[in-house]
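Protein chains in written order, with the working numbering: chain C, 192 to 540; chain R, 9 to 305. Here a beta-carbon is modelled for each residue, glycine too, at the ideal position from N, C-alpha and C. Only one structure is covered here, and it is reproduced in the block below.
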């Protein structure tokens, strides 16, 4: 416990100091925070609940569009904004920008949560691969449909309000960094407190054997929907921040980017270890470092590398880093191990 | 509502005929998917990318001056070996694992193929011109390209050949036995590893035929694979595994649905409506089964 406290304080101090220590990497660090949020919340229903979703990108993209639309729509006519390419005709004052962002983020978090609750009953009744493919379909359908809606820019994209001039050049990066870092802390606290309650045990029961859990008197559907709604809340929030950070929203390449972000969140969680608290965080960090460090070397071959990476991780490393550590040092995870039994198991393998 | 479709009955006829001819192609792809799903219990997300790869084979023959219709013979042969290679490299490691693992692994293959095709063939929308001309029906009110009729005919031919092959040949019997009970088949001396490889190869070959036909009748593009996967998945879950007439019927139904969605909603929503239809079908099935306290599995 004492160790953990020191660890948390250390991470907090590092997080607060990071933008001043590495001013060149502020945008990368903000993206890392968003990625960790996405991986951690995917893990709630992907890892703990056993419902592997490709569709969390739906909430992410929805949050992105909602946040930007609210931010623009509160002060200017939205249709004219997208028509004129936005930023040239209308300019947000700093107050308008921050007010719009705050309201936009709240909407971006609440609406996907409600949508997850509404569609949850129908979608979460599917199991296994049907659920995975159905959510994949949802994500792609959302991208295709939003690409045909005129008011949010249709195929040509939607420019989010540019950051207002507040006197300092560094302000934009710092604002978005602290925003995403704050979201990350919020997510971590929320997920950690969820994982220490009975709710996590129920989710695990659903993963291990849903029929049995139901027979034991757990209203599985209720908990599944709640789990999905929690994911949707943070995915929407992360999407809203990412929209402001990227500055440009395109229906299939940025918002509902199932080929990139939608796979990344699954991959990060699996790389770190499904069904653990720290796994997705470690996975996201390693993945992001790998991606940013090596992407430039591949020069356009990055998707090829991504495809190979997915196949390799999935086939040879499905337990993830945390799973591997757990097998190696079970004592550190609070598991009592019978040494004889362990040896026998190793021999069996 | 002033939709053109309802005002001019000839457009309805046109949409139906187009849809049916298109649907036959979908059914051919779906047949391959049903085959490997039934035998190996794997959902191959890369199915559509195999189709597109087959299309590029025909397109390249066209570029080098060979008539693209010969792609119908060449593409399956090449794709058979591509399929076997994919099986040996990836699929045989995920065959008996968790289904999600296989979905994710094939998703990785799909991304890989998509990008490799993008590099090799460029990101342009291409088609192989067969030069077959068109057929006019009903006082030239309905226009059917002959290439579509040709492709539907070839699809039916290949499907029929495969059905007979599965019924009569030794390998076909082994495949069917493995689909029924892999363990029992193994005990009785069937080399299931070989059967799996052959199944995946046959599936890829079917995709190759379909792709070659698509490159003649429609257009191909490296990123157009996923909709074909989703379509074939949808057809299989509507028809059920091992229900061949069902696959054919629901394939044609899907084709007609798409043509009408195209006319009514507009072309930009065509793919979106396919994916939404998938979600709706799954949700419908889920509610229907939940009345009997069952679920899709």
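Whether residue i touches residue j by CB criterion (9 angstroms)
i: residue 248(C); j: residue 330(C); result: yes
i: residue 291(C); j: residue 266(C); result: yes
i: residue 96(R); j: residue 506(C); result: no
i: residue 228(R); j: residue 60(R); result: yes
i: residue 335(C); j: residue 279(R); result: yes
i: residue 466(C); j: residue 512(C); result: no
i: residue 350(C); j: residue 429(C); result: no
i: residue 404(C); j: residue 255(C); result: no
i: residue 233(R); j: residue 84(R); result: no
i: residue 203(R); j: residue 47(R); result: yes
i: residue 541(C); j: residue 342(C); result: Because chain C here runs from 192 to 540, residue 541(C) falls outside it and cannot be looked at.
i: residue 290(R); j: residue 324(C); result: yes
i: residue 472(C); j: residue 379(C); result: yes
i: residue 227(C); j: residue 427(C); result: no
i: residue 76(R); j: residue 223(R); result: yes
i: residue 110(R); j: residue 99(R); result: yes
i: residue 43(R); j: residue 214(R); result: yes
i: residue 263(R); j: residue 91(R); result: no
i: residue 4(R); j: residue 128(R); result: Chain R is shown only over 9 to 305; residue 4(R) falls outside these bounds and no answer can be derived.
i: residue 385(C); j: residue 454(C); result: no
i: residue 338(C); j: residue 443(C); result: yes
i: residue 293(C); j: residue 352(C); result: no
i: residue 45(R); j: residue 170(R); result: no
Residue environment, residue i, which counts as buried when at least 16 other CB atoms sit within 10 Å
i: residue 242(R); result: buried
i: residue 357(C); result: exposed
i: residue 301(R); result: exposed
i: residue 268(C); result: exposed
i: residue 520(C); result: exposed
i: residue 199(R); result: exposed
i: residue 347(C); result: exposed
i: residue 262(C); result: buried
i: residue 144(R); result: exposed
i: residue 78(R); result: exposed
i: residue 450(C); result: buried
i: residue 239(C); result: buried
i: residue 196(R); result: exposed
i: residue 200(C); result: exposed
i: residue 205(C); result: exposed
i: residue 503(C); result: exposed
i: residue 210(R); result: buried
i: residue 197(C); result: exposed
i: residue 401(C); result: buried
Whole-number beta carbon distance between residue j and residue i, since they are thought to touch under 8 angstroms
i: residue 242(C); j: residue 482(C); result: In fact, because the Cβ distance is near 26 angstroms, the residues do not count as touching under 8 angstroms.
i: residue 304(C); j: residue 314(C); result: In fact, because the Cβ distance is near 15 angstroms, the residues do not count as touching under 8 angstroms.
i: residue 80(R); j: residue 220(R); result: 5 angstroms
i: residue 210(C); j: residue 220(C); result: 7 angstroms
i: residue 317(C); j: residue 294(R); result: 5 angstroms
i: residue 183(R); j: residue 205(R); result: No, residue 183(R) and residue 205(R) are not in contact; Cβ-Cβ is about 11 angstroms, not under 8 angstroms.
i: residue 476(C); j: residue 223(C); result: 7 angstroms
i: residue 271(R); j: residue 23(R); result: 6 angstroms
Proximal residues to residue i (C-beta, below 6 angstroms), its chain only, five neighbours per side dropped
i: residue 307(C); result: 419, 420 and 423
i: residue 541(C); result: The structure shown does not extend to residue 541(C), since chain C is modelled only from 192 through 540, so no value can be given for it.
i: residue 229(C); result: 429 and 456
i: residue 382(C); result: 231
i: residue 225(R); result: 155, 156 and 159
i: residue 479(C); result: 223 and 226
i: residue 244(R); result: 38, 41 and 42
Beta-carbon contacts of residue i that lie in its chain and below 7 angstroms, excluding the five residues immediately before and after
i: residue 409(C); result: 393 and 396
i: residue 180(R); result: 173 and 174
i: residue 122(R); result: 57, 230, 231 and 233
i: residue 282(R); result: 235, 238, 239 and 266
i: residue 433(C); result: 225 and 255
i: residue 493(C); result: 486
Other residues of its chain near residue i: CB distance less than 8 angstroms, five sequence neighbours each side excluded
i: residue 9(R); result: Because the pLDDT of residue 9(R) is 49, which lies under 50, any placement of that residue in the model is unreliable, and the number read from its coordinates should be weighed accordingly. So no residue of the chain qualifies.
i: residue 417(C); result: 390
i: residue 285(C); result: 355, 356 and 357
i: residue 469(C); result: 463 and 513
i: residue 448(C); result: 248, 252 and 334
(request) Assess, as a yes-or-no matter, whether the stretch 365-378 of chain C is touched by the stretch 460-469 of chain C under the definition of 3 or more beta carbon pairs within less than 8 angstroms. (result) no
(request) Could you tell me whether the stretch 231-239 of chain C touches the stretch 435-446 of chain C, using the rule of 3 or more Cβ pairs below 8 angstroms? (result) no
(message) Quick test of the definition: if touching needs 3 or more C-beta pairs under 8 angstroms, does the stretch 104-116 of chain R touch the stretch 46-57 of chain R?
(response) In short, these stretches touch, since the Cβ pair count reaches three.
(message) Any contact between the stretch 20-39 of chain R and the stretch 255-268 of chain R? By contact I mean 3 or more CB pairs, one from each, below 8 angstroms.
(response) yes
(message) For the structure I just gave you, are there three or more beta carbon pairs, one from the stretch 122-142 of chain R and one from the stretch 62-72 of chain R, closer than 8 angstroms?
(response) yes
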